[in-house]
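*Asks:* Have a look at this one.
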Amino acid sequence: MCKDIWAWIVIGIMAMIVYGYLESRYSRWRKNRLREKTIPRIHEGLHTDRAYNVHLSDGRKFLGVHIMGSIEDEDAQIYFAGWEGILVLAKADGKKIYVKKSAVRYLEEA
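Following my numbering, the numbering of the sequence shown begins with 98 at its first residue and continues without gaps.
Below is the structure:
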């Protein structure tokens, strides 16, 4: 008798876990469906062959620069301790600019 009670308790807990998982997936799916009706999702990112105007949080601007790439994780910390990532930009004269990713406010196509 005692074994049966514990089995039902375990089955009940497992059922609640499965229900919670399925409910969260359905809720996420429903929110995405409603959002896509109002604001379409764009699958376009930054390109290295285009020029951008990069605006930083402190008001500085880098106009007409190309994005070369980024430096992540341990490689970024070699240059500056505590930086979580560096964005590498190239000026028209070929000089490189290294910018902390969190300092970038926004980018616009030049």
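Beta carbons are placed, not taken as given, at the ideal position from N, Cα and C, and that holds for glycine.
Ignoring anything shorter than 3 residues, give me the beta strand (DSSP E) runs that lie fully in the stretch 130–196, in order along the chain.
*Replies:* Taking only runs of at least 3 residues, the beta strand (DSSP E) segments lying wholly in the stretch 130–196 are 148–153, 158–169 and 182–187.
*Asks:* So who's on the other strand from Val201, going by DSSP bridges?
*Replies:* In the DSSP output, where bridge partners are listed per residue, Val201 has Leu153.
*Asks:* Please tell me whether Leu184 and Ser167 are closer than 7 Å, where the distance is taken between their beta carbons.
*Replies:* The answer is yes: Cβ separation under 7 Å.
*Asks:* By Cβ distance, which residues of its chain are closer than 7 Å to Arg147, with the 5 residues on each side in sequence left out?
*Replies:* Around Arg147: Glu206.
*Asks:* Assign Val162 to one of two classes, buried (16 or more other C-beta atoms within 10 Å of its C-beta) or exposed (fewer than that).
*Replies:* That one is buried.
*Asks:* Could you give the distance in angstroms between the alpha-carbon of Phe159 and the alpha-carbon of Lys192?
*Replies:* Roughly 12 Å between the two C-alpha positions.
*Asks:* Does the Cβ-Cβ distance between Gly122 and Leu153 come in under 7 Å?
*Replies:* The sequence shown places Arg at residue 122, not Gly. Against a cut-off of 7 Å, the Cβ pair of Leu153 and Arg122 comes out as no contact.
*Asks:* Mind reading off the beta-carbon distance from Ile114 to Thr145? Whole number of angstroms is fine, and I expect it under 8 Å.
*Replies:* So it is not a contact: roughly 45 Å between Cβ atoms.
*Asks:* Considering Cα atoms alone, identify which of Asp170, Val151, Glu133 and Asp155 is closest to Lys188.
*Replies:* That would be Val151, whose Cα lies nearest to the Cα of Lys188.
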